[in-house]
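For the sequence shown, the residue numbers in my numbering are 1213 to 1592.
Every residue, glycine too, gets a C-beta built ideally from N, C-alpha and C.
The structure presented is a predicted model; accordingly, all values stated were derived computationally and were not measured.
Scroll down for the structure; my scribbles are underneath it.
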Amino acid sequence: MRRRFKTVVCGFIRGGANRRGVSRWATPAALAVLLLCFLWTHTLADSYTPRRSVLRVLAWPGYADDDWVRAFEKRFHAKVEVTFVDSDEALWARMHSAEPQPFDVLAANTAEIERYAHAGLLSALDLSRIPNRHWQQPYFQQVAKIRGLVDAGRTYAIPFTYSSMGLIYDRKQIAEPPRSMRALWDPRYRGKVLDFNSAQHNFSFAALALGYPDPFHLTPEQLRTVARELVRLRRNLLTYYTLPEEATEQFVQHHVALMFGNYGTQQVEQLRHAGVDVGYVIPDEGALAWLDCWAITHNASNPALAYDWINTMLEPEIGKQLTQREGLANTMTPVTGDASSDAAGAGPHLVWIQPVESIAEREALWRRIKAGDRLERFAP
C-alpha cells in the first residue's frame, strides 16, 4: 500500500512538471493535498494491522489458569487480563473501584450473583450464545431451580464449580472424624485451629453449629449470640486465612489439627499434595456450600468475547482440568451424594449460601471480633 502510494505521488509530481523542470503543482494548496493523502494512506495501511480485543476477567484463583488464557487468546485473537480476588468482600470492592476500564466477566457465588443482579451490575444472559451448557449435568442446566441465578425470568449467571465448606482435620492428631462444627471450639485444639476470614461465612456456619434453622437470616438477638460464639472461638485459633495456599502453608508449618475449609475439597487436594494426611467431613448439622458462576457485567466493553469466555469455560476438558488441578467439582461430572443430584437445590447436609439479613451489621461485628474486642463488650 505504501509502495503504491509512493509511485502515485511521484507520478503526480512528474506529470505536473514543465519543460524547465519546475513543478506547476508545487503550491501550498497542492502540498497540503499531498500531505493529507500521505497521512490518509498511512492510516489506511495501519488499519490492516490486526488489533486484539481485550477481555477483562475478575475471578478466583484456579478459575483462569495461564494455559487456558493462552489458548483462549490464540483461538479468539484476543488479550485476556485477569484479576484475582480472595474474598467476597474483595470481589465487591473490585466491582465498585474506580477502574479505568470495567470488567467484562466475573465469577461469583449464587448469593453474590443475586446481590449483584439486584444492584444492576450484571447483564441478563442470552443462553443460546452458550451452547456448551448442554455438557452440564441436568440440575445445573435448570438455572431457574437454583436460587440467585434467575430474576423476573432473566438469567444472570451460569454455574461453573462448587464445593461444600466442611471440616478438614489432621488424621495424626484427630483419630476419629469430628461429627460437629462444635469441634472447632474443643479446648483440646487450642492454638491449632484455622478459620476463614469472612464475616458472612463465619456467622452462617456458627449459626448452623448453634442449631439455628436459617443461618442466613438471623434476628438481632441471634446475631449477638453468634458474635459471642465467634469471640470464644478465638481462644482456639492459630490465625485467620484468606487464600487456600495460605491455609496450606499455615497448616503444614504449625501442625494445625482442625480447619474450617472454606474452599472445601480444593484445600484437601492441596494439603495432600503437600504431604499432609488429612480427612474431610460434612458435619451432622450440615455444611455451607457455594456454587460459583460466570456472569457478564452490565457495562462490559466486549460482551461478545465475554460469551466466548463463558462458553469455553464449560468445555468438558476445562472441567476435567479444574477438578484434577484444584480438587473442585465441575458441573459436567456427576458426583455421588452431592448437590448435583438433588432437585431441591442441596445435597445431603449441604446448604447453598444465600444473601444474609445484613451484610453491614455482620461486617461491623466481624471487625470487632478480629480486633480482639472482649466477650463482655458483646451484650446479650
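Review point. My guess is that Ala1419 and Pro1427 are in contact by the Cβ rule of under 8 Å, so how many angstroms apart are they, rounded?
Key: On the sequence shown, position 207 is the one that residue 1419 refers to. On the sequence shown, position 215 is the one that residue 1427 refers to. With a Cβ gap of about 4 Å, Ala1419 and Pro1427 count as contacting.
Check your understanding: Counting pairs of Cβ atoms below 8 Å between the stretch 1433-1442 and the stretch 1477-1491, do you hit three or more?
Key -> no
**Study point:** Cutoff 6 Å; reference Asp1504; Cβ partners in own chain excluding five residues on either side
**Key:** Here residue 1504 corresponds to residue number 292 of the sequence shown, with the count starting at 1. The residues are Ala1319, Asn1321, Phe1372, Thr1373.
Point to revise | C-alpha gap between Trp1506 and Asp1316, whole angstroms | key: What you label residue 1506 is simply residue 294 of the sequence shown in a count that begins at 1. What you label residue 1316 is simply residue 104 of the sequence shown in a count that begins at 1. Whole-angstrom Cα-Cα distance: 11 Å.
Point to revise | Where Trp1272 sits in the DSSP three-state scheme | key: Here residue 1272 is taken as the residue at index 60 of the sequence shown, counted from 1. It is coil, neither helix nor strand.
**Study point:** Same chain only: Cβ atoms within 6 Å of Asp1554, ignoring 5 sequence neighbours per side
**Key:** As a first step, residue 1554 must be located in the sequence shown, where it is residue number 342. Its pLDDT being 33, under 50, Asp1554 is placed unreliably by the model, and nothing is read from it.
Review point. CB-CB under 8 Å to Arg1484, same chain, minus the five flanking residues each way: which ones, in chain order?
Key: Position 272 of the sequence shown, counting from 1, holds the residue named residue 1484. Cβ within range, chain order: Val1490.
Check your understanding: When DSSP labels each residue in this structure, what does Asp1504 get in the three-state scheme?
Key -> In the sequence shown, the residue the question calls residue 1504 occupies position 292. Strand, per DSSP.
Check your understanding: Of the choices Gly1473, Gln1465, Val1297, Val1362, whose alpha-carbon is the least far from that of Phe1417?
Key -> Residue 1417 sits at position 205 when you count from the first residue of the sequence shown. That would be Gly1473, whose Cα lies nearest to the Cα of Phe1417.
Exercise for review: Starting from Phe1288, follow the alpha helix (DSSP H) in both directions and report where the run begins and ends.
Suggested key: Reading the sequence shown from its first residue, position 76 is the one you call residue 1288. 1278-1288 is the extent of the alpha helix (DSSP H) around Phe1288.
Check your understanding: Can you name, in chain order, every residue of its own chain whose Cβ lies under 7 Å from the Cβ of Arg1232, other than the five neighbours on each side?
Key -> For the purposes of this step, residue 1232 is identified with residue 20 of the sequence shown, where counting begins at 1. Per-residue confidence for Arg1232 stands at a pLDDT of 40, beneath the threshold of 50, marking its modelled position as unreliable; the derived number appears in the next sentence. Closer than 7 Å at the Cβ level, and outside the excluded window around Arg1232, lies no residue.
Exercise for review: Keeping to the same chain, check which residues put their C-beta closer than 8 Å to that of Val1493; ignore five residues upstream and five downstream.
Suggested key: Here residue 1493 refers to the residue found at position 281 of the sequence shown. These residues qualify, in order along the chain: Gly1378, Leu1379, Tyr1381, Pro1389, Pro1390, Arg1391.
Review point. Can you tell me whether DSSP reads Val1266 as helix, strand or coil?
Key: The count along the sequence shown starts at 1 and reaches residue 1266 at position 54. Three-state DSSP puts Val1266 in a strand.
**Study point:** Rounded C-alpha distance that separates Trp1280 from Arg1287
**Key:** Locating residue 1280 in the sequence shown gives position 68, where the first residue counts as 1. Locating residue 1287 in the sequence shown gives position 75, where the first residue counts as 1. Rounded to whole angstroms, Trp1280 to Arg1287 spans 11 Å at the Cα level.
Check your understanding: Tell me, which residues are paired with Pro1320 by DSSP?
Key -> Within the sequence shown, numbered from 1, the residue matching residue 1320 stands at position 108. Before going on, a small fix: residue 1320 reads as Ala here, not Pro. Its beta-bridge partners are Cys1505.
Point to revise | DSSP three-state assignment for Asp1585, whether helix, strand or coil | key: Here the question's residue 1585 lines up with position 373 in the sequence shown. Three-state DSSP puts Asp1585 in coil, outside helix and strand.
Check your understanding: By a C-beta neighbour count over all protein chains shown, 10 Å radius and 16 as the cutoff for buried, is Gln1348 buried or exposed?
Key -> As a first step, residue 1348 is located in the sequence shown; it is residue number 136 there, counting from the start. Buried is the call here.
Point to revise | Phe1415 in three-state terms, based on DSSP | key: Here residue 1415 is taken as the residue at index 203 of the sequence shown, counted from 1. Phe1415: helix per DSSP, three-state reduction.
Exercise for review: Using 10 angstroms around the beta-carbon of Asp1258, count the other beta-carbons present and answer buried if the total reaches 16, otherwise exposed.
Suggested key: As a working note, residue 1258 is residue 46 in the sequence shown. Only weak support exists for where Asp1258 lies, its pLDDT of 44 falling under 50; the value from the coordinates is given anyway. By the neighbour-count rule (16 or more Cβ atoms within 10 Å), Asp1258 is not buried but exposed.
Check your understanding: According to the neighbour-count rule (16 or more other Cβ atoms, all chains shown, within 10 Å of its Cβ), is Asn1511 buried or exposed?
Key -> Numbered from its first residue, the sequence shown carries residue 1511 at position 299. So Asn1511 ends up on the exposed side.
Practice item. Express the C-alpha separation of His1330 and His1254 in angstroms, rounding to a whole number. Key: Locating residue 1254 in the sequence shown gives position 42, where the first residue counts as 1. Locating residue 1330 in the sequence shown gives position 118, where the first residue counts as 1. The pLDDT assigned to His1254 is 47, lower than 50, so where the model puts this residue is not dependable, and the model offers no usable value.
Check your understanding: Leaving out five residues before and five after Gln1566 in sequence, what residues of the same chain have Cβ atoms less than 6 Å from its Cβ?
Key -> Locating residue 1566 in the sequence shown gives position 354, where the first residue counts as 1. Same-chain partners within the cutoff: Ala1323, Phe1428.
**Study point:** Pro1456 versus Leu1406 - alpha carbon distance
**Key:** Position 244 of the sequence shown, counted from the start, is the residue given in the question as residue 1456. Position 194 of the sequence shown, counted from the start, is the residue given in the question as residue 1406. Each residue's alpha carbon lies about 11 Å from the other.
Exercise for review: Look up Ile1342 in the DSSP assignment and say whether it is helix, strand or coil.
Suggested key: Position 130 of the sequence shown, counted from the start, is the residue given in the question as residue 1342. Correct three-state label for Ile1342: coil.
Exercise for review: Specify, as a first and last residue, the run of the alpha helix (DSSP H) that Ile1438 falls within.
Suggested key: Here residue 1438 refers to the residue found at position 226 of the sequence shown. One point to set straight first is that residue 1438 is Val, not Ile, in the sequence displayed. Here the alpha helix (DSSP H) through Val1438 covers 1432-1445.
Check your understanding: Does the distance from the C-beta atom of Asn1448 to that of Trp1397 stay below 8 Å?
Key -> The residue given as residue 1448 occupies position 236 in the sequence shown. The residue given as residue 1397 occupies position 185 in the sequence shown. Yes, the Cβ-Cβ distance between Asn1448 and Trp1397 is below 8 Å.
Exercise for review: Would you tell me roughly how many angstroms separate the C-alpha atoms of Phe1284 and Asp1277, rounded to the nearest one?
Suggested key: On the sequence shown, position 72 is the one that residue 1284 refers to. On the sequence shown, position 65 is the one that residue 1277 refers to. Taking the straight line joining both Cα atoms gives about 11 Å.
Exercise for review: Might you give, ordered along the chain, the residues of its own chain that have their beta carbon closer than 8 Å to the beta carbon of Tyr1452, omitting 5 neighbours on each side?
Suggested key: To locate residue 1452, count along the sequence shown from 1; it is residue 240. Result list for Tyr1452: Leu1406, Asp1407, Phe1408, Asn1409, Lys1582, in chain order.
Review point. Is Pro1515 helix, strand or coil when you go by DSSP?
Key: In the sequence shown, residue 1515 corresponds to position 303, counting from 1. Looking at Pro1515 - three-state DSSP - the assignment turns out to be helix.
Practice item. Assuming Trp1578 and Ala1501 form a contact by the criterion Cβ under 8 Å, report the distance between their Cβ atoms to the nearest whole angstrom. Key: Here residue 1578 refers to the residue found at position 366 of the sequence shown. Here residue 1501 refers to the residue found at position 289 of the sequence shown. The pair is not a contact, with the Cβ atoms about 21 Å apart (cut-off 8 Å).
Review point. If we count the other Cβ atoms within 10 Å of its Cβ and call it buried at 16 or more, is Glu1529 buried or exposed?
Key: Residue 1529 sits at position 317 when you count from the first residue of the sequence shown. The residue is exposed, with fewer than 16 neighbouring Cβ atoms inside 10 Å.
Exercise for review: Flag this pair as yes or no: are the beta carbons of Pro1273 and Phe1296 separated by less than 8 Å?
Suggested key: By one-based count along the sequence shown, residue 1273 stands at place 61. By one-based count along the sequence shown, residue 1296 stands at place 84. In this structure, Phe1296 lies closer than 8 Å to Pro1273 by Cβ.
Practice item. Using three-state DSSP, classify Ala1364 as helix, strand or coil. Key: One-based indexing of the sequence shown puts residue 1364 at position 152. Coil.
Review point. When the Cα atoms are used, what is the spatial distance from Gly1539 to Val1294?
Key: In the sequence shown, residue 1539 corresponds to position 327, counting from 1. In the sequence shown, residue 1294 corresponds to position 82, counting from 1. Per the coordinates, the alpha-carbon of Gly1539 lies some 21 Å from the alpha-carbon of Val1294.
Review point. Given Ala1486, which residues of its chain have a CB within under 6 Å of its CB, disregarding the five upstream and five downstream residues?
Key: As a working note, residue 1486 is residue 274 in the sequence shown. Thr1460, Val1464, listed in sequence order.
Review point. Could you give the residue range of the beta strand (DSSP E) that holds Met1471?
Key: The sequence position of residue 1471 within the sequence shown is 259, counting from 1. Note, Met1471: beta strand (DSSP E), 1470-1472.
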